[in-house]
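In what follows, a single structure is set out as structure tokens and then discussed.
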Amino acid sequence: MKNTKEVNKVKLERGVETFFKTASRNHMQLSNMADNKAHILLSINSIIISIIISVLAKKLEQSPYLVFPTALLLLVCLVSVVFAILTTKPKVSKGVFTEEQVEKREANLMFFGNFHRMDLETYTWGIKELMQDNNYLYSSLTKDVYYLGKVLAIKYRYLNIGYKVFMFGLIASVLAFGICFYYAN
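Each residue of the sequence shown is one higher than the last, beginning at 1072 in the numbering used here.
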């Protein structure tokens, strides 16, 4: 029968593994949610821009008083699209680590952006080094979760700005159209 320390160590390792699995899964789900919301924002604004360009632009010669609210709505949609694109835009690093970085335990082999330009042999060597050192392994997992969180923070900041621009800009545009219609009649 195993002694209590060994049993506790196994339980702790399982708990740590569960923590990293859960944290990574949660981060990935949140990232997918942000990408889906950005896609919605992108789609809605693209439709509005298409309608403005194809339908409303032709009517501006007959109703020049609508130029300002139309331009405002177009600008709002364009800014929202830019932030939606920034939300989903990938950021990939140089994709190479050195053997020295692995030996010093500085390379994070968990993120594809750190190894995507590496040959399989060097990457396999680095992973074997990682698997032989629990501290290095857990440190890499910690960095991976941390940087996933940093990326999420940026995604949600851009998404938040895009939605605020869209919401307040849409309100301002509708008010501008209303004011223009009121004073034109």
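C-beta atoms are modelled at their ideal positions from N, C-alpha and C, and glycine is treated no differently. Just so you know, these numbers come straight off a predicted model, no measurement behind them.
Looking only at its own chain, which residues have a Cβ that is under 7 Å from the Cβ of residue i, when we skip the five neighbours before and after it?
| i | result |
| --- | --- |
| Ser1211 | Asn1179, Leu1180, Met1181, Leu1201 |
| Val1147 | Val1236, Phe1237, Gly1240, Leu1241, Ser1244 |
| Leu1208 | Leu1201, Met1202 |
| Val1167 | Arg1188, Met1189 |
| Glu1171 | none |
| Lys1129 | none |
| Thr1141 | Ile1123, Leu1127, Leu1131 |
Between which two residues does the alpha helix (DSSP H) containing residue i stretch?
| i | result |
| --- | --- |
| Ser1125 | From DSSP, Ser1125 is part of no alpha helix (DSSP H); its letter is neither H nor E. |
| Tyr1234 | 1205–1255 |
| Thr1158 | 1138–1159 |
| Thr1195 | 1191–1202 |
Could you have a look at residue i and say whether DSSP puts it in helix, strand or coil?
| i | result |
| --- | --- |
| Asp1106 | helix |
| Lys1092 | helix |
| Ser1117 | helix |
| Phe1182 | coil |
| Glu1177 | coil |
| Thr1075 | helix |
| Val1087 | helix |
| Glu1170 | helix |
| His1098 | helix |
| Lys1080 | helix |
| Lys1130 | helix |
Cutting at 8 Å between CB atoms, please list the residues of its own chain near residue i, excluding the five before and the five after it.
| i | result |
| --- | --- |
| Leu1230 | Ala1105, Lys1108, Ala1109, Leu1112, Phe1154, Ala1155, Thr1158 |
| Ile1225 | none |
| Ser1102 | Leu1219, Val1222, Leu1223, Lys1226 |
| Tyr1169 | The residue asked about is misnamed: residue 1169 is Thr in this sequence, not Tyr. Answer for Thr1169: Ala1178, listed in chain order. |
| Arg1176 | Asp1204, Asn1206, Tyr1207, Ser1210 |
With residue i and residue j assumed to form a contact (beta carbons below 8 Å), what rounded beta-carbon distance in angstroms separates them?
| i | j | result |
| --- | --- | --- |
| Phe1139 | Ala1255 | Not quite, the Cβ-Cβ distance comes to about 12 Å (not below 8 Å), so this is no contact. |
| Lys1123 | Leu1144 | It is worth fixing the name first, because residue 1123 is Ile in this sequence and not Lys. Contact holds; Cβ gap of about 6 Å. |
| His1098 | Leu1191 | That pair is no contact at about 27 Å. |
Spatial neighbours of residue i within its chain, please: C-beta separation below 6 Å, excluding the five flanking residues on both sides.
| i | result |
| --- | --- |
| Ile1120 | Cys1148 |
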